[in-house]
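Q:
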Amino acid sequence: MKRAWAALSAVVLVAGCSSVTFSDERLEAIQRELQRRYDLWKTQAITAYEYRFARECPCASDLTRPVLVSVADTVVLAVIYADSGTAVPASAFSSYFTVEGLFGQAQIGINLLADSLVIEYDPLLHYPTKVVIDQDRRRVNDELALFASDLKKK
12 MKRAWAALSA
22 VVLVAGCSSV
32 TFSDERLEAI
42 QRELQRRYDL
52 WKTQAITAYE
62 YRFARECPCA
72 SDLTRPVLVS
82 VADTVVLAVI
92 YADSGTAVPA
102 SAFSSYFTVE
112 GLFGQAQIGI
122 NLLADSLVIE
132 YDPLLHYPTK
142 VVIDQDRRRV
152 NDELALFASD
162 LKKK
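When you line the sequence shown up against our numbering, it's residues 12 to 165, in that order.
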C-alpha cells in the first residue's frame with residue numbers, strides 16, 4: 012500500500028493538478044476547487060516556507076508524529092519532530108510533503124475516485140490544511156489523513 016501511494020504521488024507531483032473527467036459531480040466540484048486553490052497558491056510565488064504537518068494512517072508510528080517541515084524551491088530541506096525537536100533522517104524526507112505535494116495527495120484522492128474525500132484550505136494562503144482520503148468505505152484501515160497548519164514564509 013505504501014509503495015502504491017508513493018508511486019501515485021510521484022506521478023501526480025510531476026503532472027500537477029491536472030484536469031480529470033469524472034462522472035461523479037461531487038468529485039468534479041472537488042477537482043474544480045482544488046485547481047482554483049492551487050492556482051491561488053501558485054500566484055503567491057511562495058518559494059521558502061515552513062509548516063506544521065501531521066498524518067493519520069495505518070503506517071509506522073514515526074510517520075504519525077507531528078513535524079515541522081522546512082521547504083525551499085519545492086524541496087523539503089528539513090523535517091523536525093515537533094514533540095522532541097529532533098531531526099527526521101534525510102532518508103525519510105520522501106515521506107513528507109511540500110505544499111505542492113499536499114495538493115498532489117488531494118489529486119490522488121480524486122484520481123482514485125475515493126468513496127470519501129475531504130479537503131480543507133487555508134483561507135488566506137490557499138494551501139490544503141486537511142486532506143482525508145477513504146478510498147473504500149467498506150475496507151478497514153485504508154484511510155489517510157494529512158493535516159497542515161501554521162505555514163510561515165521564510
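Where a beta carbon is used, it is the ideal one built from N, C-alpha and C, also for glycine.
Bear in mind that the values here come from a model prediction, so they are computed numbers and not experimental data.
Any idea what DSSP makes of V129, helix, strand or coil?
A: Strand.
Q: What separation, rounded to the nearest whole angstrom, lies between the Cα atoms of A93 and Q46?
A: Between A93 and Q46, the C-alpha separation is close to 31 angstroms.
Q: For R63, which three-state DSSP category applies?
A: Correct three-state label for R63: strand.
Q: Mind reading off the beta-carbon distance from A125 to R66? Whole number of angstroms is fine, and I expect it under 8 angstroms.
A: Not really, about 16 angstroms apart at Cβ, beyond 8 angstroms.
Q: Please determine if the segment 100-109 and the segment 72-88 are in contact, where contact requires at least 3 C-beta pairs separated by less than 8 angstroms.
A: Yes: at least three Cβ pairs fall under 8 angstroms.
Q: Where L136 and R43 are concerned, what is the direct C-alpha to C-alpha distance, given to the nearest angstrom?
A: If I take the Cα positions, the gap works out to 17 angstroms.
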